[in-house]
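Worksheet: one structure, shown below.
Numbering (my numbering), first residue to last: 2 to 280.
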């Protein structure tokens, strides 16, 4: 039986997911609706679909009162931290499964605890795709004996442009001429400085030591055309070293192509109960 999938956020990842469903790359799925506060984004995405013609919404109050929302099985958040804070609780309390891409919102521990409590009460489900990194399953398996986790993210300055970090320092992305360490601290502060660039830092924290104990380094390198994430984890199990060098999305240099692909695979697993790899 096909699952009805709602998409919140019609940017890079939301569009990739909708197109994957439309091209039947994700079997047993149909698009229930498209939501974006910017109506033109939803319209542009719908125009690219050939096999689905879902209704579009730009106001959440209108969406939740619609039959499209009521009939949806799973809703994908691919918009922003604000969208998670604003919409997530209402979605899971409506007995919908929710896939969250903007994991950086959970640097707010209280939000995470509140959402978990709501999920438990309503027997809903929350899914976190691995995004632009790898090894989350391995990290979860050794969580109880971890004592050190560090993420080093290296991106071209153009990919980091617009981050609040540059408003708080004298450094500007266009003036960076050589490899430069911009930030070295914990994940809690990192996600505030680079909210759209390192959601993976919070995902890594959820799997491991938490945002205060997960060290994050952000490096700008004008000579790279990759988004690189290096993870080092140590503990009673030994050491994990993972390096992922992502090609940026062709539609948005701030988003790793792997992030979109991991979301597609996560949805494929949800929609096909025969797939059990790694679970």
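Beta carbons: idealized from backbone N, C-alpha and C, even for Gly.
DSSP three-state assignment for residue i, whether helix, strand or coil
{"i": "residue 277", "result": "In this prediction, residue 277 has a pLDDT of 47, which is less than 50 and means its spatial position is unreliable; nothing more can be read from the coordinates."}
{"i": "residue 210", "result": "coil"}
{"i": "residue 269", "result": "helix"}
{"i": "residue 185", "result": "strand"}
{"i": "residue 250", "result": "strand"}
{"i": "residue 234", "result": "strand"}
{"i": "residue 199", "result": "coil"}
{"i": "residue 137", "result": "helix"}
{"i": "residue 33", "result": "strand"}
{"i": "residue 103", "result": "coil"}
{"i": "residue 241", "result": "strand"}
{"i": "residue 178", "result": "coil"}
{"i": "residue 146", "result": "helix"}
Selected residue, minimal CA-CA separation from residue i, among the options
{"i": "residue 97", "options": "83, 108 and 120", "result": "120"}
{"i": "residue 194", "options": "26, 184 and 16", "result": "184"}
{"i": "residue 159", "options": "87, 149 and 255", "result": "255"}
{"i": "residue 54", "options": "22, 112 and 28", "result": "22"}
{"i": "residue 125", "options": "93, 50 and 208", "result": "93"}
{"i": "residue 112", "options": "88, 123 and 132", "result": "88"}
Limits of the unbroken alpha helix (DSSP H) element including residue i
{"i": "residue 192", "result": "188-194"}
{"i": "residue 93", "result": "82-94"}
{"i": "residue 13", "result": "13-23"}
Chain D contact for residue i (CB, 9 Å cutoff)
{"i": "residue 242", "result": "Reference to chain D is not applicable here, since this structure consists of a single protein chain."}
CB-CB length for residue i against residue j, believed under 8 Å
{"i": "residue 205", "j": "residue 134", "result": "7 Å"}
{"i": "residue 265", "j": "residue 27", "result": "7 Å"}
{"i": "residue 267", "j": "residue 130", "result": "4 Å"}
Cβ shell of residue i (< 7 Å), same chain only, five flanking positions each side left out
{"i": "residue 227", "result": "246, 247 and 248"}
{"i": "residue 212", "result": "108, 187, 188, 189, 203 and 206"}
{"i": "residue 262", "result": "none"}
Nonlocal neighbours in the same chain, by C-beta distance under 6 Å from residue i, ignoring five residues either side
{"i": "residue 95", "result": "none"}
{"i": "residue 105", "result": "82, 192, 196, 200 and 203"}
{"i": "residue 7", "result": "33, 34, 73 and 76"}
{"i": "residue 150", "result": "209, 210, 215 and 234"}
Sequence-distant residues of the same chain with beta carbon closer than 8 Å to residue i, five excluded per side
{"i": "residue 115", "result": "90"}
Residue interval of the beta strand (DSSP E) (run including residue i)
{"i": "residue 64", "result": "Residue 64 -> not in any beta strand (DSSP E); alpha helix (DSSP H) instead, spanning 61-65."}
{"i": "residue 110", "result": "Where residue 110 is concerned, there is no enclosing beta strand (DSSP E), although the alpha helix (DSSP H) it sits in stretches over 110-123."}
{"i": "residue 216", "result": "215-221"}
{"i": "residue 70", "result": "That residue, residue 70, is in no beta strand (DSSP E); its alpha helix (DSSP H) goes 68-72."}
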